[in-house]
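Here the structure comes first, spelled out in structure tokens, and everything after it is commentary.
Residue numbers (this note's numbering), protein chains in the order written: chain A, 6 to 668; chain B, 762 to 1106; chain C, 3 to 152; chain D, 4 to 328.
The following block contains the structure:
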């Protein structure tokens, strides 16, 4: 006989203000199977949990229902409490009478009535719950970091420092990421390369870190603690173990017309190249789409000159397969394409550039050796106009609905740097709002305005057009309430940033959730900001949301802390709510395996008694509980209903349906 | 003997329906089954074999027995039987000789002690009007069971020809019904009936199954018949569906089941089929594990077990529905032919 | 006039199946953002929309539900990678079949609601309740034995 | 047809005599000319009852689930439509392909005795095809009927070809029919919602829940059907309420969606002549429309439409777009 206990939480006034909690508890007392029903101010509090534990022990409860906030909030709390009182933690069900009831209904009568139904539904379910035991799985003590930007570098270094092996997979030929392209960093204006490159070198030299550059994650199987990852090492046509980074090949390479991606395509590079001077690994790579040897079969000059014989035109992509316990995603960002913003004339005017291009134009290692020259004619610009929020906070559908967060600060930085280096230059900034919260950030912006005399104009730019070699920036000045047109030599667009597009593939491989803007979703916006809902996957940097370097570094370190916390464990508990076939009913038709995204289902031939002393051999499904994630796709595919999901069985769900429909 | 012009039959139905329920063969979505008469319904007396037999007038496909109403922790048991105590009188119209005989088979089951009060209530409230056959077809073999298709019994016997329905009351109930519709009836028709009967008998004589040999189906041969190796082959194509059972006028097995309603549980009984794999399913498992055993059970029951307990009355009336309807053309005729004639001596 | 009054009194009973990772979280967000929707929507939590068996939907109608709505992650965003792709096919075929059998097509709905779309969740539920209220009681897919007690 | 039967019989004898196969699955004669039953023949002696004629409409594939588990090889005669079911069952690991020797047999459509009887013709003693007509002989003489009025519903729109065969006995090529098998479905789709509801209500109200449609269906090969399993909460023996008629037929059609080869056995065996194939065909039509043409049973490999997907699949709320109103 079932002995159900029901606990109704007031959540202070969050529930009690709209739901008559006492009446709910009173009404529920007369439900069949319910032997105990109580209400309390905060069930999740120490005292509330004590109340639950005591009731379990005193009334010998076989299952409990807590009418409280969302199970996404405190299900774990109440399960733990139940377990401590000797009740199987899976004999607990939560009736969500806060988010799904008290918070959305205003009428007390109506909300109370609904709360009763929700609690009854949970009772109907808990009556069919079965005690479940979590299995255990071992933890592979190695972490994978996807992306070798500052986020990945920081996370890898922290994890490696704690004594665990880390692999960094970087799709480009070198680690460093976007930060390596920056000139100065706000708010201190120190040189980006000067603070980044030592960390890159640390990575290369750390005995626990293995950098897999020019590589991509190809396939991920497994689950937290036991990811099995296949990594494609793209052919770079240069033997990484032999190349010394002497750059002789670059001097000799006759194909010099390749666009230099590192410099935002503002100048050219040779087919065989090292992306930039401080690249890690300091190893050349051949762009096979550009290389004459690949295009025509003739050439091979680099091979002749390479003293160590590192050049290998026959190299093929290879695959590395490794086991990891945890994965950090740090895939970074790119500026959005400006195809939808013709009004700014980016495609038509060489002197309309993006902020990241400006970074390269200002950088001593950039295409102009750090001298600010207009891309069109190599002249010093005298009037520079910045346009903020290009594609950010855009609800028209052309750009991104979110704020890219970093643009206000870097525009202030750019404006300031130009005024500092070239005091005769006029600098205007069109902005919608200036958003500079953060330590020393607003001061930084004020300095730009107050000390450096940058002309900030509140208003949007309608159009940028070329008139007699001058860029006419036509916009609104909302404060003076007038239309202004600024004759400029250089226009810089503070382009919105978006997650690096390859993150979609990574998310799919990792089964990590991703939002409509391609940002990976964190487990909880406030309380679990660096964890993906997929166990064992952590998020660092812009792949999770727009952020600047200090924030990225903090998040990366937070990730590292989480990873270390995971890797120090020897064993993990697995989710017991997995699929389970009833072999007596299984047809062995393989349909369930066809829809299983995890390959958790295999088949075996088993002997069954069929009556009359006879047996027959049938092919039946078998689920690996460590691999199954418990989605339930197989349960609906199975026509005989042989496949069911523990914790969400068909009977349980149908009993919930019945309870809801019961008049 | 009385008669009524075919054209006036609708008036007859309407008259009966004024004070009684009227259950007769009605065509719906292309198929003829017994159903309650109503204005505009397409009556098809000519149909030799309704898909389902009229047995569901007394033994419906499904009927409610009781309710368990739950309120809080209390359960109230509601007996829904009283609904049937005062069964509205009704007329079962157009019953063929075979189907009428089948009612006798059912009566021996449901009216024997303990009496099935549900069945009894409906049985007693019914006046049965039978209809003689005039165009038997090749699957008919009622004659084998001693049934005269041209002169069925019942409270009223009727004959139908191209112009008239002929009417003869046999019982008090029949007389009462005759009195009710007396205004619509006229005298006469004996000759037409006799002519029709003669013609029909000539066809019946020649029917392919008219001379099936049932001699081996005796209680003393039970074991031999049960163990006959032929069952295996006869049943091998059986799908295990319930078609034969559900179209059969004499099959009387039922199951009692519970259904969850919004306020508790509704207990009902419904037709069951011995051909189903969960028939005879018990707590320990199922005593019949193969389709052969189920198939054998059905025919052994019809031809051996039932007659041995019911004065030799077979629980097959030769209506031939199973002959026509079995998806794979297995039927009792093939069983009789295979086993019936084989005498051990 | 009678009909109008009757219609107003009709409060449909609606079952919503929500996947744990997106739509249930979306409903939570609707709650924490205090975005109201009628109390006749009751949510059943399932791990993924692909756990929703068409049988559950029919069962809801049998038991007297007037509308059923299935909510899951947006296609491509499934926590279980591919779950909602299967949901989409199954439910598309089911909807088409129900319509083919003459069951009101407005009665059953599927919506993709992400964890961030509290507002959408609330809007969808408001709209669905309105649709079902206008459509009236479910009569075509209901079991009289269930309604008998009324 | 007689020559085909003779050839088949010869071949069956050869196979049994040589020991190449342990048994042959075909049809055996019934009481009339029109009621053959599926049968297994294990010896030449048993073959005396062997028949293959215009009434051998039954699909033999499903029997092979059990038979292919037996020791020794089994030869089976399959009509074009049967080969699809065969493939589908092989795909689902229900038939052990290696134990079966498939002999493709000629089929130019099978006759439906109920349709002949519905024309008022009884005491049928034989039937022969004569061009587009069928000569039906009875005790009372010969009747001539149009073939299209006499063939089984499943044959009327069949353009199937053999999808699997180890050998073939085909003496007459059959001509492709210029028919749209979805015409009836389209007709229903064009009705109003109320009309469709009324149509199915009328049809399904006849259902006696005999399960013949399910038990004959090669796609319904579950060890235990949900409708027989009390644990499924939807089991029932009888349609105690009209809802159960709908539930049973919707769920059954859904369970075989993407797996139904359109063999038409469900409609053939229905004692109440409910056009059940129109439910399955609706799913086939939808699958073709939404996900690209797909014919279950064309191969014994690959995923079915409901166990696969594309990223840009039709949205459920869009399935009604373009619907006739």
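No residue lacks a Cβ here, since even glycine has one placed at the ideal position from N, Cα and C.
Legend entry - Paired residues, beta bridge with residue 19 of chain C - DSSP: C:46, C:72
Inset, instruction - Please work out which residues of its chain come closer than 6 angstroms, Cβ to Cβ, to residue 485 of chain A, disregarding the five sequence neighbours upstream and downstream, and give them in chain order. - result: none
Inset, instruction - Write down the C-beta distance between residue 88 of chain C and residue 52 of chain C rounded to the nearest angstrom, noting that I regard them as a contact closer than 8 angstroms. - result: 5 angstroms
Inset, instruction - Would you list, in chain order, the members of the region 189-208 of chain D that have their beta-carbon closer than 9 angstroms to a beta-carbon of chain C? - result: 191, 192, 194, 195, 196, 197, 198, 199, 200, 201, 202, 203, 204, 207
Legend entry - Opposing strand residues paired with residue 40 of chain D [DSSP bridges]: D:31
Inset, instruction - With DSSP collapsed to three states, give me the class of residue 664 of chain A. - result: helix
Inset, instruction - Compute the beta-carbon to beta-carbon distance between residue 1081 of chain B and residue 901 of chain B, rounded to the nearest angstrom, for a pair I have assumed lies under 8 angstroms. - result: 5 angstroms
Legend entry - Counted within 10 angstroms of its Cβ, other Cβ atoms place residue 4 of chain C as buried (16 or more) or exposed: Note on residue 4 of chain C: pLDDT 39, under 50, position unreliable in the model; the coordinate value appears next. By the 10 Å Cβ count, residue 4 of chain C comes out exposed.
Legend entry - residue 1015 of chain B, enclosing beta strand (DSSP E) - first and last residue: 1015-1022
Inset, instruction - Would you mind stating whether residue 521 of chain A and residue 228 of chain A have Cβ atoms separated by less than 9 angstroms? - result: no
Legend entry - Per-residue contacts from residue 35 of chain D into chain B (C-beta, under 7 angstroms): 899
Inset, instruction - Measure the Cβ-Cβ separation of residue 90 of chain C and residue 83 of chain D and say whether it is below 9 angstroms. - result: no
Inset, instruction - Would you be able to state if there are at least three C-beta pairs under 8 angstroms between the region 894-912 of chain B and the region 623-641 of chain A? - result: no
Inset, instruction - Check distances from the C-beta atoms of the region 34-47 of chain C to those of chain A and list, in chain order, the residues that come in under 9 angstroms. - result: 34, 35, 36, 37, 38, 39, 40, 41, 42, 43, 44, 45, 46, 47
Legend entry - Where residue 69 of chain D falls, given that 16 or more other Cβ within 10 Å makes a residue buried: exposed
Inset, instruction - Given a cut-off of 9 angstroms, decide if residue 346 of chain A and residue 700 of chain A are closer than it, judged by their beta-carbon atoms. - result: Given that chain A is displayed from residue 6 to residue 668, the structure contains no residue 700 of chain A and the question cannot be resolved.
Inset, instruction - Determine the chain B residues that contact residue 62 of chain D at a beta-carbon separation under 8 angstroms, and present them in chain order. - result: Going along chain B, no residue has its Cβ under 8 angstroms from residue 62 of chain D, so there is no contact; the nearest lies around 10 angstroms.
Inset, instruction - Output yes if chain A places a C-beta closer than 9 angstroms to the C-beta of residue 151 of chain C; else output no. - result: Confidence at residue 151 of chain C is low in this model, with a pLDDT of 49, below 50, so the placement of that residue is unreliable and no value is reported for it.
Inset, instruction - Ignoring anything shorter than 3 residues or poking outside the region 102-172 of chain A, list the beta strand (DSSP E) runs there in chain order. - result: 141-143, 147-151
Inset, instruction - Answer yes or no: does any C-beta atom of chain D fall closer than 9 angstroms to that of residue 928 of chain B? - result: no
Inset, instruction - Go to residue 297 of chain D, then tell me how far its alpha helix (DSSP H) extends in each direction, as first and last residue. - result: Per DSSP, residue 297 of chain D belongs to no alpha helix (DSSP H) and is neither H nor E.
Inset, instruction - Could you tell me whether the region 4-24 of chain D touches the region 949-969 of chain B, using the rule of 3 or more Cβ pairs below 8 angstroms? - result: no
Inset, instruction - Give me the Cβ distance between residue 505 of chain A and residue 336 of chain A, rounded to the nearest whole Å; I'm assuming they're in contact under 8 angstroms. - result: 5 angstroms
Legend entry - Residue closest to residue 90 of chain D, alpha-carbon to alpha-carbon, out of D:310, D:198, D:306: D:306
Inset, instruction - Tell whether a beta-carbon distance below 9 angstroms holds between residue 172 of chain D and residue 60 of chain C. - result: no
Inset, instruction - Whole angstroms is fine: what's the gap from residue 881 of chain B's alpha carbon to residue 816 of chain B's? - result: 13 angstroms
Inset, instruction - Return no unless some Cβ of chain C is closer than 9 angstroms to the Cβ of residue 519 of chain A. - result: yes
Inset, instruction - Measuring only between beta-carbons, confirm whether residue 996 of chain B sits less than 9 angstroms from chain A. - result: no
Legend entry - Cβ neighbours of residue 184 of chain A in the same chain (closer than 7 angstroms, five flanking residues each side left out): 154, 155, 197, 201, 554
Inset, instruction - Have a look at residue 1094 of chain B and residue 972 of chain B and give me their C-alpha separation to the nearest angstrom. - result: 11 angstroms
Inset, instruction - Could you tell me which chain A residues have their CB closer than 8 angstroms to the CB of residue 92 of chain C, listed as they occur along the chain? - result: 641
Inset, instruction - Pick helix, strand or coil for residue 23 of chain D, following the three-state DSSP scheme. - result: coil
Inset, instruction - Using the Cα positions of residue 115 of chain D and residue 160 of chain D, report the straight-line distance between them to the nearest angstrom. - result: 14 angstroms
Inset, instruction - Scan the region 980-1007 of chain B for residues whose Cβ lies nearer than 7 angstroms to a Cβ of chain D and list them as they occur along the chain. - result: 997, 998, 1000, 1001, 1002, 1003, 1004, 1007
Legend entry - Exposure of residue 1036 of chain B, with buried meaning 16 or more beta-carbon neighbours within 10 Å: buried
Inset, instruction - Output yes if chain C places a C-beta closer than 9 angstroms to the C-beta of residue 229 of chain D; else output no. - result: yes
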